[in-house]
Amino acid sequence: RWSDAPDPIPTPNFVYRFCQQIKISADNASILWRQGNELAVPALPVRPPWHPADGHPQAEQAAVLAELARFPPGIAALTAERGRGKSALAGMLIRHLGGDAIVTAPARGAAEVMATFAGEAFRFMAPDALLASGCTAGWLIVDEAAAIPGPLLRQLVSRFPRTLLTTTVQGYEGTGRGFLLKFCASFAHLRQFSLTTPIRWASGCPLEAAIARLLLFNDETFQHAPGGDIAQESVSQESWRRQSALPEAMYQLLSGAHYRTSPLDLR
Numbered sequence: 001r002w003s004d005a006p007d008p009i010p011t012p013n014f015v016y017r018f019c020q021q022i023k024i025s026a027d028n029a030s031i032l033w034r035q036g037n038e039l040a041v042p043a044l045p046v047r048p049p050w051h052p053a054d055g056h057p058q059a060e061q062a063a064v065l066a067e068l069a070r071f072p073p074g075i076a077a078l079t080a081e082r083g084r085g086k087s088a089l090a091g092m093l094i095r096h097l098g099g100d101a102i103v104t105a106p107a108r109g110a111a112e113v114m115a116t117f118a119g120e121a122f123r124f125m126a127p128d129a130l131l132a133s134g135c136t137a138g139w140l141i142v143d144e145a146a147a148i149p150g151p152l153l154r155q156l157v158s159r160f161p162r163t164l165l166t167t168t169v170q171g172y173e174g175t176g177r178g179f180l181l182k183f184c185a186s187f188a189h190l191r192q193f194s195l196t197t198p199i200r201w202a203s204g205c206p207l208e209a210a211i212a213r214l215l216l217f218n219d220e221t222f223q224h225a226p227g228g229d230i231a232q233e234s235v236s237q238e239s240w241r242r243q244s245a246l247p248e249a250m251y252q253l254l255s256g257a258h259y260r261t262s263p264l265d266l267r
């Protein structure tokens, strides 16, 4: 880590790719300003105004909430990228249920947003404590389910008539599509819900797009089954300059299959 070293850690290939991605941003939404050069800000496109959430469910949230309110016994999975109101929706469901739900998560702090929207109906237990207690309720709500070991999660799910699993499918906060492929796919009748409309920021936010591009958040090929023969080869840091598609694909596989990959891995 940079903070652990007495001198700066040179990362020329990482910096090169970073600068190239800023240069090719759509509609001049990103500006590359080099030290010593004059700042030139181009005319930015006019974007629709953004209004912060008022605590009530947005249209997409309301539709999913209505489905969950009449959900039969079984398992539901709610996935979303960051900022889509996933935890808020789960909290709204708990409040609607009047407390007939137990919440668990990798850490109590991970469920703070959910607790805010659930109000007095919020009831949290750590995964291991919940398993040992024998407590049950009409619903089990698991926030960031991808962070809980699969065997433990299976035992918890089997104890409740209804379960809602929520997990982030983007970047460094979840196993992404790997969670859907490995855990969720093992339940034949699991119902999947998703949220796509951002709530914390406006749709089409150029900063979100830039971060996703720079940190390789978007990967639409992860669900494709591998094919062909296995081949071993060495990939150098220089590949980021000459053949960036190869290290990008390798990194997306890592971040999709491993929980909480760090930007340090990309660097």
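Reminder that position 145 of the sequence shown reads as 145 in our numbering, one-by-one numbering, no gaps.
We put the beta carbon where it would ideally sit given N, CA and C, even for glycine.
Predicted model only: the values in this text are computed from it and were never measured.
| Asked | Found |
| --- | --- |
| Would you kindly work out how many angstroms separate the C-alpha atoms of F183 and H51, rounded to a whole number? | 36 Å |
| With contact counted as at least three CB pairs below 8 Å, one residue from each stretch, are the region 49-66 and the region 225-241 in contact? | no |
| According to DSSP, is A121 helix, strand or coil? | helix |
| In angstroms with no decimal places, state the Cα-to-Cα distance between G91 and P206. | 29 Å |
| What is the C-beta distance between A333 and I102, in whole angstroms, given that I count them as a contact (C-beta under 8 Å)? | Only positions 1 to 267 of the chain appear in this structure, which leaves residue 333 out of reach. |
| So what's F187 in DSSP terms, helix, strand or just coil? | coil |
| Please work out which residues of its chain come closer than 8 Å, Cβ to Cβ, to F193, disregarding the five sequence neighbours upstream and downstream, and give them in chain order. | V64, E67, L68, A76, A77, L78 and T79 |
| In terms of residue numbering, what span does the alpha helix (DSSP H) encompassing A62 cover? | A59 to A69 |
| Put V41 into one of helix, strand or coil per three-state DSSP. | coil |
| Would you decide whether K23 is buried or exposed? Buried here means 16 or more other CB atoms lie within 10 Å of its CB. | exposed |
| Looking at C-alpha atoms only, which residue of D4, A5, P6 and F14 is the closest neighbour of R242? | F14 |
| DSSP puts G192 in a beta bridge; with which residues? | Just to set this straight, residue 192 is Gln in the shown sequence, not Gly. Note: Q192 sits in a beta bridge opposite A77. |
| Using the beta-carbon count (16 or more within 10 Å), is P12 buried or exposed? | exposed |
| Pull up the distance between the alpha-carbon of S186 and that of L164, whole angstroms please. | 15 Å |
| Does E120 pass the burial test, meaning 16 or more other C-beta atoms within 10 Å, or should it be called exposed? | exposed |
| Hey, R123 and G99: beta-carbon distance below 9 Å or not? | yes |
| Over the uninterrupted alpha helix (DSSP H) stretch that includes I22, give me the two end residues. | P12 to K23 |
| Leaving aside the five residues before and after G74 along the sequence, list all residues of the same chain whose C-beta is less than 7 Å from its C-beta, in chain order. | R162, H189 and R191 |
| Quick one: is R17 near chain D, going by C-beta distance under 9 Å? | Of the protein chains in the structure, only one exists, and it is not chain D. |
| CB E60 to CB G85, shorter than 9 Å? | yes |
| To the nearest angstrom, how far is it from the Cα of L44 to the Cα of I31? | 11 Å |
| Output yes or no for whether 9 Å exceeds the beta carbon distance between P106 and P72. | no |
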